[in-house]
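Report on the structure given below.
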Amino acid sequence: MNILKLKAWVICLAFITVLASCQKQSEVAPEKNIPATSKSINKDKIALDVVDLLNQKSSRNSIINSLKAQQPSVALATILDQVKSEGINNTATQQLRQVVTSAEATYKNVEAPDNVEVPELWLHQPTAGVDFSKLLIAYAPTQKDEAEWTKVKAYNLQKEVVYLDPFKAPEVPVIVVETDGFEALKVEVAYMNKQLKKKGLQNFAQRTAAKKRTTASGLETTKLDRIRLNDDKEPWISGSAEVYAITSGIRGNQKEAQINVIPMYYLDTDGKTYYPNQVLLFWDDYDYQAANIQLFEKDDNHNYKDMVAVIVDGVFKITGLLTEVPIVSALGQIANAIIQAMPDAWFTNDDDYVDSFYTIEKNRTYRNYNGAGGNANVDLTPFFIPAN
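Numbered per mature numbering (1 follows the signal peptide of the UniProt record, and there is no 0), the sequence shown spans residues -20 to -1, 1 to 368.
If you want it as structure tokens, here you go:
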């Protein structure tokens, strides 16, 4: 077990021990063998087709303006729809459309796709003045370990190969081809929640019942008012962070786990403060007035479906052991099971496991509150949503 994962586990274990020291902790050892994700889309071919598209002045201006206007990225399908509406239809657009169609066929209308790739583009702009005549088109190296990255392959508008430093952002604009970014995260989060519900770790019956009460009632929630992540010094070519929250609480007399996955699409840059006004906890989902919030960054190298499987396995290993333990101890053990279920490789870089907020209380306000690992700082407030 490496140092970062050990740190996360020790923090959680210490938390449980302090609040429920008289209880014997159960051992959690779920299987964590998540296969590396197999990528099928040829980014090099996409990059060359994008060069062809950019070499038409009308489409170049349209694409650049779209990428500048929409951060952090734009789906390739959206870009193609836009240039089509402007009357641009050529070999490059046809080939790129074929890539989009083939990618969609692997996950749309599929119960549980093995792999999700959604082509998208994002724009790196240097801090100094931007000269788009020097525009490059690039994509991240294929090696799974960022430490092994030595150069980034890019093309200029003449289709000449240019190599860039992966750890030093270039002083020229670069359009980056991505297939496992924000657009893929949107799809994967929906499938993750679908699988968690199917496995019995999501039950919204209580939230649904709350909506059917009298108009004087409503939903009691906890809202994320502010969040800031520490700068993790990722390679610039990796682009913006794709962060999501895993929330966990307890429902029922048997202290069953309720686990939800919540995307945080706005949280794309470390070292920057955000004010999302986002609801993270719906208290009608739980039978107790405390829950956990754990933050992760999407891992490009692992399959979301297999990740859900190990989380389910890890939580199920302790489910029957929680009945007789105090609520705080049970919450801690669920959070620990989620951490222990994650692949060891996720804890070798700060960009996979971000931080944990244990035992967030229902009616408590948290200001300038640090996560257990010190990587995230938040403001959380109780928030009542009245019924219609």
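Even for Gly, the Cβ is constructed at its ideal location relative to N, Cα and C.
Nearest residue (CA-CA) to residue i, options the options
i: residue 66; options: 117, 36, 202; result: 36
i: residue 69; options: 105, 87, 29, 241; result: 29
i: residue 111; options: 129, 91, 137, 119; result: 137
i: residue 258; options: 176, 360, 198; result: 360
i: residue 210; options: 177, 254, 86; result: 254
i: residue 306; options: 337, 268, 332; result: 268
i: residue 162; options: 246, 23, 176, 252; result: 246
i: residue 261; options: 343, 155, 132, 332; result: 343
i: residue 218; options: 125, 59, 347; result: 125
i: residue 82; options: 271, 294, 57; result: 57
i: residue 207; options: 26, 34, 351, 44; result: 351
i: residue 159; options: 52, 263, 215, 101; result: 101
i: residue 22; options: 73, 79, 33, 32; result: 79
Cβ-based burial, residue i [other Cβ within 10 Å; buried from 16]
i: residue 339; result: buried
i: residue 335; result: buried
i: residue 364; result: exposed
i: residue 277; result: buried
i: residue 92; result: exposed
i: residue 13; result: In this prediction, residue 13 scores a pLDDT of 46, lower than 50, which makes its location untrustworthy; the coordinate-derived value is nonetheless stated afterwards. So residue 13 counts as exposed.
i: residue 236; result: buried
i: residue -18; result: Per-residue confidence for residue -18 stands at a pLDDT of 47, beneath the threshold of 50, marking its modelled position as unreliable; no derived number is given.
i: residue 85; result: exposed
i: residue 38; result: exposed
i: residue 89; result: exposed
i: residue 366; result: exposed
i: residue 248; result: buried
i: residue 11; result: Any reading at residue 11 needs caution, since the residue's pLDDT is 37, under 50, leaving its predicted position unreliable; the model's value is listed next. Result: exposed.
For residue i, the first and last residue of its enclosing alpha helix (DSSP H)
i: residue 228; result: From DSSP, residue 228 is part of no alpha helix (DSSP H) but of the beta strand (DSSP E) over 223 to 231.
i: residue 152; result: No alpha helix (DSSP H) holds residue 152; DSSP gives it neither H nor E.
i: residue 337; result: Not the alpha helix (DSSP H): residue 337 falls in the beta strand (DSSP E), residues 333 to 341.
i: residue 169; result: 162 to 178
i: residue 138; result: Premise fails: residue 138 is in no alpha helix (DSSP H) and is neither H nor E.
i: residue 307; result: 307 to 321
Residue range of the unbroken beta strand (DSSP E) whose run includes residue i
i: residue 252; result: Taken as a continuous stretch (DSSP letters only), residue 252 belongs to no beta strand (DSSP E), as it is neither H nor E.
i: residue 198; result: 198 to 209
i: residue 236; result: 236 to 243
i: residue 276; result: 270 to 277
i: residue 101; result: 100 to 104
i: residue 359; result: 356 to 366
i: residue 262; result: 258 to 262
i: residue 347; result: 346 to 350
i: residue 118; result: 116 to 119
Any non-hydrogen atom of the ligand NAP within 8 Å of residue i CB
i: residue 239; result: Summarising the ligand content, the structure contains no ligands, and the ligand NAP is consequently not present.
Closer than 9 Å to chain B by CB, residue i
i: residue 292; result: Considering every chain present, this structure includes no chain B. It has just one protein chain.
Query - the region 99 to 106 in contact with the region 41 to 61 per 3-pair CB rule at 8 Å - result: Here the region 99 to 106 makes contact with the region 41 to 61; the two share three or more CB pairs at distances below 8 Å.
Query raised in the report: Which parts of the region 33 to 97 are runs of the alpha helix (DSSP H), unbroken and 4 residues or longer, counting only runs that do not cross its ends?
Result: Correct list: 37 to 49, 56 to 65, 71 to 85.
Query raised in the report: Would you call the region 111 to 123 and the region 141 to 152 touching, i.e. three or more CB-CB distances under 8 Å?
Result: Because the criterion of three Cβ pairs below 8 Å is met, the region 111 to 123 and the region 141 to 152 touch.
Query raised in the report: Using 8 Å as the Cβ pair cut-off and three pairs as the minimum, do the region 241 to 257 and the region 216 to 225 touch?
Result: They touch, by the three-pair rule.
Query raised in the report: Do the region 165 to 183 and the region 310 to 321 meet, that is, are 3 or more Cβ pairs less than 8 Å apart?
Result: No, the region 165 to 183 is not in contact with the region 310 to 321.
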